[in-house]
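Take my numbering: the final residue in the sequence shown is number 275, and no numbers are missing along the way. Ideal Cβ placement from N, Cα and C applies to all residues, glycine included.
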Amino acid sequence: MLRVEFATEPGDPTRPNEDFIAAGPNALVLLDGCGTPTGSDSGCSHGVPWYVARLGLNLFTRASSSTDRSLTDCLADAVEATAALHADTCDLTHPGTPSATVIVVRLTGDALDYLVLADSTLVIETTDETHVITDDREALVGSKYRDAMDATPAGTSEHTAAHRAYVEALRSHRNQPGGFWVAAADPTAATEALTGSVPVSSVVDLSVLSDGASRAVDRFSLTDWPGALELLRREGPAALITQVRAAEDADPTGARWPRGKAKDDATAAWCRATP
1 MLRVEFATEP
11 GDPTRPNEDF
21 IAAGPNALVL
31 LDGCGTPTGS
41 DSGCSHGVPW
51 YVARLGLNLF
61 TRASSSTDRS
71 LTDCLADAVE
81 ATAALHADTC
91 DLTHPGTPSA
101 TVIVVRLTGD
111 ALDYLVLADS
121 TLVIETTDET
131 HVITDDREAL
141 VGSKYRDAMD
151 ATPAGTSEHT
161 AAHRAYVEAL
171 RSHRNQPGGF
181 WVAAADPTAA
191 TEALTGSVPV
201 SSVVDLSVLS
211 DGASRAVDRF
221 SLTDWPGALE
231 LLRREGPAAL
241 ITQVRAAEDA
251 DPTGARWPRG
261 KAKDDATAAW
271 CRATP
């Protein structure tokens, strides 16, 4: 059984939160929607929050109930089913069609199975070590295009334009060999996910973090991964997000920590698993 505590908070209270999280006795799903920058087209009339909510529900339903299906198959099925909901009204071949990062954790007998696609982070503390599973292919591709965005102060029109150009440059590498992979409209992207399994008996606890929450470690260096787990365990997920917001408020223009969004949607969950 999974015991889960989570918190989620939009980066901008005037805009919908594009993260999604759902949990049940045997499954946990986290999605982080890949937003469409202001002034950029996506070919979809519904938008990222609509897509993320439907993909998340489709995936959670399959992961928690179709235990005879692998997590890869569950994700492929969910992407296909979600695409069918707007294939007649939207251009799903558009390079900016709504997409999301994905983490799924599921108890299957005495095993804890996981799937990670794109740059959200799964941290599993076992009796032997701390395992950090994240898919860094987007960051590796994006490093070639970040200079203009990182050189302009967040909150300025120049930064907004540079961020839009950065996102649009990445689109030619999205779901392409040699590029990076996200859940969008093509179910075959699921086969590119990082997957694995660990014995439940070896798991102390675990966390799932959207990249707006993992900033505490991988961008701001406020703590390390074991420290983040300890904070989640001791004070809860909201405390981690509070630390992230404090760091963002202390660096509103991104002068110390260059980033695409001064504040991002942030979701953090702490989980304990028992056979």
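Three-way DSSP call (helix, strand, coil) for T156 in this model: Taking the sequence shown and counting its residues from 1, one reaches residue 156 at position 156. Three-state DSSP puts T156 in coil, outside helix and strand.
Rounded Cβ spacing between D264 and G39 (contact assumed at less than 8 Å): Position 264 of the sequence shown, counted from the first residue, corresponds to residue 264. Position 39 of the sequence shown, counted from the first residue, corresponds to residue 39. The Cβ separation is near 19 Å, so there is no contact.
Cβ neighbour criterion (16 or more within 10 Å) applied to A216: As a working note, residue 216 is residue 216 in the sequence shown. Buried, because 16 or more other Cβ atoms sit within 10 Å of the Cβ of A216.
8 Å contact criterion, which L231 and T223 should meet: CB distance rounded: Residue mapping note: residue 231 aligns to position 231 of the sequence shown, counting from 1. Residue mapping note: residue 223 aligns to position 223 of the sequence shown, counting from 1. Sure, about 7 Å apart at Cβ, within 8 Å.
For P199, the residue or residues it bridges with in DSSP: Numbered from its first residue, the sequence shown carries residue 199 at position 199. P199 pairs with A111.
Beta carbon of V105 nearer than 9 Å to that of T134: What you label residue 105 is simply residue 105 of the sequence shown in a count that begins at 1. What you label residue 134 is simply residue 134 of the sequence shown in a count that begins at 1. Result no, Cβ atoms of V105 and T134 do not sit closer than 9 Å.
Start-to-end residues for the alpha helix (DSSP H) that takes in H131: If you number the sequence shown from 1, residue 131 lands on position 131. It is not in any alpha helix (DSSP H) - H131 instead sits in the beta strand (DSSP E) that spans T130 to T134.
Rounded straight-line distance, which links the Cα of R69 to that of G254: By one-based count along the sequence shown, residue 254 stands at place 254. By one-based count along the sequence shown, residue 69 stands at place 69. For G254 and R69, the distance between alpha carbons rounds to 43 Å.
Beta-carbon spacing of V208, T127 below 9 Å: Locating residue 208 in the sequence shown gives position 208, where the first residue counts as 1. Locating residue 127 in the sequence shown gives position 127, where the first residue counts as 1. Contact: no.
Delimiting residues of the beta strand (DSSP E) encompassing W50: Reading the sequence shown from its first residue, position 50 is the one you call residue 50. No beta strand (DSSP E) contains W50, which is instead part of the alpha helix (DSSP H) from V48 to S65.
Three-pair Cβ contact test at 8 Å for the stretch 45-62 versus the stretch 79-97: yes
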